[in-house]
Every structure is written in structure tokens, then in C-alpha cells.
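**Q** Per this note's numbering, the sequence shown runs over residues -19 to 226.
Backbone N, C-alpha and C define an ideal beta-carbon position, used for all residues, glycine too.
A single structure is presented below for examination.
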Amino acid sequence: MGNKRIAVLIDSENTPHSKLGLIIEELSSFGQIIVKRAYGDFSAEQLKNWKQPLNELAIQAKQQFAYTSGKNSTDSLMIIDAMDLLYTQRFDAFALISSDSDFTSLATRLRESEIHVIGVGKSMTPTAFKNACDDFVAIENLVTSTSEESLPEVAPRAETAKDEERELWRLMHQSWQNYCDDSGWAKLGEVGKYLKRLKPDFDPRNYGLKKLSDFFDLYPERYKTRKSKRSGLEFQLVTKASKQQA
């Protein structure tokens, strides 16, 4: 994964609000999100449920009243904002969150300026828009990486502490999936930086740990660790294949 400076622009009228959290998590693996903006007529009935996720994820709402009933009036505002941001020369990547082919020309223009374009939309998004992006992520593929059944057993404790431990394991497992190499090893330093991008308030002490590496003491049967002079502590999820290699 990279360390890009990313501008995230969301077409609210063509994006499910229930997926916003997962979209931001996915994009955080590409680098640091600098700008988060969502475009739409938030006075409309169809966008009435957007207020809470926008506030929780610190996404700036860019209100655009509809000029004509039944017409999407937010495209032009989003495109104008994208070009204004492009000219600041502050960003390495733009994430365009939409399933609308109208943004194909915008994606092409950004790439002509040597900007990395990440598209996020439904799997039925027109091929033209998908191909205009450097990376395209289907919203349907964005699901919580661990189900309740796959979470490790934790000792009976207060429910809050139990939930915190499960949440930390989910974050670490997701980070390992994003950053592991072909041999299944991930650098803890890279994972720590990713977690801070994903959750600015992330602190191992919030989960009862003195430091992040103490996490592996909780699951000695599920993770292997090793130290590298060049990259520091690395970790690997214990799987059937890794057990056979050992």
C-alpha cells in the first residue's frame, strides 16, 4: 500500500450511506485522507439518513439544491471542486465515490495530470468509468473482514472490555490483510501508521495495552512474530499453510 495524500469526493446520490465507514477504511489503506467531501441535496427525502454518518466520519457536506426535479444537480459542483483541488497541487490521489458514468471524463482528466484515481462504486458501474480509474473498488466487496464466528474467544469479562478486545482484533486482522507480503508477513510499523490514519484517536492504551506489540501476547496461538533489523517487528497470522512451513 502507499502513502498518498488523498482527496475523497462522494456523489451522495449514487452511494449507499451505510457503506461510508467501510469506504473510508478501504481508502485509508492507500494513504492519508486530507479532504473528505460529500455532494448532494441533503434536504431531499432520499438523503435524510446521511447526517449521522457524515458527522461521525468528519465528512464535509456540500449542499446542492436540485434545480430541476428528477435531475442530479450535484455532478457539476463535484467536478468543479475536483478541478479546484487539482490546481492546488496538494494531492497525489483522488477517490471518486460514484456509480455514475458522468465522472468518466473527470477521472480521465485527473489521470492526464498524473494523479492516481481510485473509483468506488457498485459492481454495475459502467465499464467506461471503471477503466478511467487506476483502481476501482466495488462497493459490494466492502464487508467487515471478520464475522462474529471467526473472532477469537476472549475470557469472560465485562462486556465493554470484551467488545474492545474484539474490535482491536478486527482492526489488526484487517491491517494484516492489507499489508502482508506474499509470504504472509506484515510490518507492525506500517500497520500502526495505517491504524492512526483510519482512526486518529487510535491508542493501544484504549485497549488495555502499553504498546501495540503487546497485542500478540493476547493471541499466541493465532499470530507469529519475528524481528527484522531493517523493518522492525513483523507478524503473520497462523494458518494451516504457515504451520506446515514452520
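With a Cβ-Cβ cutoff of 8 Å, do valine -12 and alanine 75 count as a contact?
**A** yes
**Q** May I ask you to report which of helix, strand or coil DSSP gives isoleucine 119?
**A** helix
**Q** Under the DSSP definition of a beta bridge, which residues are partnered with isoleucine -14?
**A** Paired residues: Ile13 and Ala73.
**Q** Are there three or more Cβ pairs, one per stretch, closer than 8 Å when the stretch 167 to 181 is compared with the stretch -1 to 18?
**A** Contact between the stretch 167 to 181 and the stretch -1 to 18 is established, with three or more Cβ pairs separated by less than 8 Å.
**Q** Straight-line CA distance for aspartate -9 to threonine 68?
**A** One C-alpha to the other measures close to 21 Å.
**Q** Output the boundary residues of the alpha helix (DSSP H) element that contains lysine 110.
**A** 107 to 112
**Q** Rounded to whole angstroms, what is the Cα-Cα separation between alanine 24 and alanine 18?
**A** 14 Å
**Q** Looking only at its chain, what residues have a beta carbon closer than 8 Å to the beta carbon of lysine 207, apart from the 5 residues adjacent to it on each side?
**A** Leu213 and Glu214
**Q** Report yes or no: do the stretch 25 to 41 and the stretch 53 to 66 share at least 3 C-beta pairs separated by less than 8 Å?
**A** Too few Cβ pairs lie closer than 8 Å, so no.
**Q** Nearest-angstrom Cα distance between glycine 20 and lysine 42?
**A** Distance from the CA atom of glycine 20 to the CA atom of lysine 42, rounded to whole angstroms, is 7 Å.
**Q** On the DSSP letters alone, give me the boundaries of the alpha helix (DSSP H) that arginine 89 sits inside.
**A** 84 to 92
**Q** How would you write the range of the alpha helix (DSSP H) that leucine 57 sits in, first residue to last?
**A** Counting along the chain, the alpha helix (DSSP H) containing leucine 57 begins and ends at 55 to 67.
**Q** Could you check what DSSP says for alanine 141 in three-state terms: helix, strand or coil?
**A** Helix, per DSSP.
**Q** Whose C-beta lies closer than 7 Å to the C-beta of leucine 122 among residues of the same chain, with five residues either side of it excluded?
**A** Same-chain partners within the cutoff: Lys(-1), Leu2, Ile3 and Glu6.
**Q** Taking only three categories from DSSP, how would you classify isoleucine 227?
**A** Here the chain has residues from -19 to 226 only, and residue 227 is not among them.
**Q** Just how far apart, CA to CA, sit histidine -3 and cysteine 160?
**A** Rounded to the nearest angstrom, the gap between the Cα atoms of histidine -3 and cysteine 160 is 30 Å.
**Q** Nearest CA to the CA of aspartate 80: which residue from Tyr199, Leu148 and Thr(-5)?
**A** When each option's Cα is compared against that of aspartate 80, the closest is Thr(-5).
**Q** I'd like the list of long-range same chain contacts for serine 211, defined as Cβ closer than 6 Å, with 5 residues on each side in sequence excluded.
**A** Lys167
**Q** Which residues in the same chain have their Cβ closer than 8 Å to the Cβ of proline 200, if we skip the five residues on either side of it in sequence?
**A** Within the same chain, proline 200 has no close Cβ partners at all.
**Q** Under 8 Å between the Cβ atoms of leucine 148 and phenylalanine 196?
**A** no
**Q** Measure the C-alpha to C-alpha separation of phenylalanine 22 and glutamine 40 and round it to an integer number of angstroms.
**A** 12 Å
**Q** Tell me whether the beta-carbon of alanine 118 lies closer than 8 Å to the beta-carbon of serine 103.
**A** It is a contact, given that the beta carbons lie within the stated cut-off.
**Q** Helix, strand or coil: which one does DSSP assign to tyrosine 203?
**A** Residue state for tyrosine 203 is assigned as strand, using DSSP reduced to three classes.
**Q** Taking the alpha helix (DSSP H) that leucine 34 belongs to, which residues open and close that run?
**A** 31 to 36
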